[in-house]
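In this note's numbering, the protein residues as written are -8 to 482.
Step one of this worksheet: look at the structure below.
What follows is the structure in structure tokens.
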């Protein structure tokens, strides 16, 4: 019953930090925050409730009403494609603090997490790894740094080999073989596996023939280039680089500072800084444009190779819990970067990266709203644990006029959609202090701490991959009588 004990510890710790536990309604209304909603029909023709994607708007109204520190174990509902870390209904530890900014909230969350880990140790609750955490604050990395060095906006610090840009030393003929992109960026990542060149070659062939690599092989930027360092081969297996390119590549890696498996610096040294027999080098092209979305092709491949190498016992897993803050996300993201997300339904061609209530980070970013919205940095921060996005938060917009400007002028939402937020505009207009908050995905936290791959393993009565509860048979068919009562029509 680890989940129950962890919830008890969290409540105890938040009460000690002067938080008030407040329950907000489950029957809400449909508002375009960013995810698809579940609707609950009523007997009033044409009207329905919506189950909340999060308590976001209610907790901001609480801040306007004078509550200073709020939390709850909130049930949230999102009609999203299901994955190992997603369920249609899930629990988050939801927090909001008035008269606070992002730095204060991040400090508060760190104190909570470290305090909970200390309690886990003192009460001898069983977790899968040692629980020693950094004595100083959790490491921090910007979104741009995370995407450049890890190929992901949720870096897994257990993967010590970073991504490096190498297009300046790649021969033109090799670039042309790899991609049809004009002036591409070429990035490299190197793995040192526990095997000789022959064993590594067998491993990579098996991996590239697997279903995990199919999408990567067919990605529109071109398939990855794969090289295995072998002193017995011409130019030690790097012949495609030519003599000068191979020497420049070896010089690049030999000049990097070395690392150890205890290093928790997300921008820091590589695990391996030279070439040895069996080293696996992966190249991948991408367009020479700013990063967007949650991962690059090389980032996906890097993570998949790490897991596969551990599974094949070619790489020892890095122990421990590695927390990391990711900051400075773009406030807006082009819709093309997340084509399956409904966004806010505006016509601008972009949506809020997280939700439309996130504040710009600085006065300069507010100015950019008028000239270059896609360059605006959000005052948003994610907490990542071992490659899992554990939670996210931000400083909120607390001015009704700024909130209306973002929705109407930037996102270009319709007047009808704008009116869905009249309750929030009124609360902000009446006078709302600056405030910021955070939410920890409780199911994900329990899963990582107990070493489970899927949140389904730590939830009682979870839904399956199709969103169905096989035990009770939900969702169920609507009867003809219910259709009439709730004014529904089946097609």
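Every residue, glycine too, gets a C-beta built ideally from N, C-alpha and C.
Between which two residues does the beta strand (DSSP E) holding residue 31 run? If you number the chain shown from 1, residue 31 lands on position 40. It spans 30 to 32 - the beta strand (DSSP E) in which residue 31 sits, taken as one unbroken run.
In its own chain, which residues sit with a C-beta less than 8 Å from the C-beta of residue 171, not counting the 5 before and 5 after it? To locate residue 171, count along the chain shown from 1; it is residue 180. For residue 171, where only same-chain residues beyond five positions count, the Cβ hits under 8 Å are 213.
Does the distance from the C-beta atom of residue 442 to that of residue 146 stay below 9 Å? The residue you call residue 442 lines up with position 451 of the chain shown. The residue you call residue 146 lines up with position 155 of the chain shown. Going by C-beta atoms, residue 442 is not nearer than 9 Å to residue 146.
Residue 103: first and last residue of the uninterrupted beta strand (DSSP E) it sits in: Numbered from its first residue, the chain shown carries residue 103 at position 112. Note, residue 103: premise wrong, no beta strand (DSSP E); alpha helix (DSSP H) at 93 to 113.
Apply the 10 Å Cβ neighbour rule to residue 300 and answer buried if 16 or more other Cβ atoms are within range, or exposed otherwise. Here residue 300 corresponds to residue number 309 of the chain shown, with the count starting at 1. Classification of residue 300: buried, given that the 10 Å Cβ count is 16 or more.
Distance between beta carbons of residue 421 and residue 384, contact taken as under 8 Å: Taking the first residue of the chain shown as 1, we reach residue 384 at position 393. Taking the first residue of the chain shown as 1, we reach residue 421 at position 430. About 24 Å separates the two Cβ atoms, so there is no contact after all.
Select from 222, 439 and 94 the residue whose C-alpha is nearest the C-alpha of residue 119. Along the chain shown, read from residue 1 onward, the residue named residue 119 stands at position 128. Measuring from the Cα of residue 119, the nearest candidate turns out to be 439.
Expressed to the nearest angstrom, what Euclidean distance is found between the alpha-carbon atoms of residue 56 and residue 49? For the purposes of this step, residue 56 is taken as the residue at position 65 of the chain shown. For the purposes of this step, residue 49 is taken as the residue at position 58 of the chain shown. Rounded to whole angstroms, residue 56 to residue 49 spans 10 Å at the Cα level.
Counting only runs of 4+ residues fully inside the region 370 to 442, write out the alpha helix (DSSP H) ranges in chain order. 391 to 396, 406 to 410, 413 to 420 and 433 to 440
Nearest-angstrom beta carbon gap, residue 87 and residue 138 [assumed within contact, 8 Å]: Taking the chain shown and counting its residues from 1, the one referred to as residue 138 is at position 147. Taking the chain shown and counting its residues from 1, the one referred to as residue 87 is at position 96. Wrong, their Cβ atoms sit about 29 Å apart, outside the cutoff.
Rounded C-alpha distance that separates residue 141 from residue 304: The sequence position of residue 141 within the chain shown is 150, counting from 1. The sequence position of residue 304 within the chain shown is 313, counting from 1. Taking the straight line joining both Cα atoms gives about 22 Å.
Inter-residue CB distance, residue 267 and residue 181 (contact presumed, cutoff 8 Å): Mapped onto the chain shown, residue 267 falls at position 276. Mapped onto the chain shown, residue 181 falls at position 190. About 10 Å separates the two Cβ atoms, so there is no contact after all.
Please go through the same chain and pick out, in chain order, the residues whose beta-carbon is closer than 6 Å to the beta-carbon of residue 251, but skip the five residues on each side of it. Taking the chain shown and counting its residues from 1, the one referred to as residue 251 is at position 260. Confidence is the limiting factor: at residue 251 the pLDDT is only 42, short of 50, which leaves the residue's position unreliable and the question unanswerable from this model.
The alpha helix (DSSP H) enclosing residue -1, as first and last residue numbers: Translated into positions along the chain shown, residue -1 becomes position 8. Taken as a continuous stretch (DSSP letters only), the alpha helix (DSSP H) holding residue -1 covers -7 to 7.
Does the contact criterion of 3 or more C-beta pairs under 8 Å hold for the region 316 to 326 versus the region 193 to 210? These segments do not touch.
Do residue 216 and residue 165 come within 9 Å of each other at the CB atom, strictly closer than that value? Indexing the chain shown from 1 puts residue 165 at position 174. Indexing the chain shown from 1 puts residue 216 at position 225. Yes; because the gap between Cβ atoms is below 9 Å, this pair is in contact.
For residue 114, would you say it is in contact with chain C, using Cβ-to-Cβ distances shorter than 9 Å as the test? No chain C is part of this structure, which consists of one protein chain only.
For the alpha helix (DSSP H) that residue 205 lies in, which residues bound it at each end? Here the question's residue 205 lines up with position 214 in the chain shown. Looking at the DSSP string, the run of the alpha helix (DSSP H) that includes residue 205 is 205 to 208.
Go through its chain and collect everything with a Cβ distance to residue 265's Cβ below 8 Å, but skip five positions before and after it. The sequence position of residue 265 within the chain shown is 274, counting from 1. If we look at residue 265 and ignore the five residues flanking it on each side, its Cβ neighbours are 241, 244 and 245.
Could you tell me which of 64, 131 and 68 sits nearest to residue 94, measuring between CA atoms? Position 103 of the chain shown, counted from the start, is the residue given in the question as residue 94. Comparing Cα positions, the closest option is 131.
Backbone CA spacing between residue 316 and residue 101 [nearest angstrom]: Here residue 316 refers to the residue found at position 325 when the chain shown is read from its first residue. Here residue 101 refers to the residue found at position 110 when the chain shown is read from its first residue. Taking the straight line from one Cα to the other gives about 10 Å.
Residue 144 - DSSP class collapsed to helix/strand/coil: By 1-based counting over the chain shown, the position of residue 144 is 153. Correct three-state label for residue 144: coil.
Under three-state DSSP, which class holds residue 181? For this step, residue 181 is matched to residue 190 along the chain shown. The answer is strand: DSSP assigns residue 181 an E or B state.
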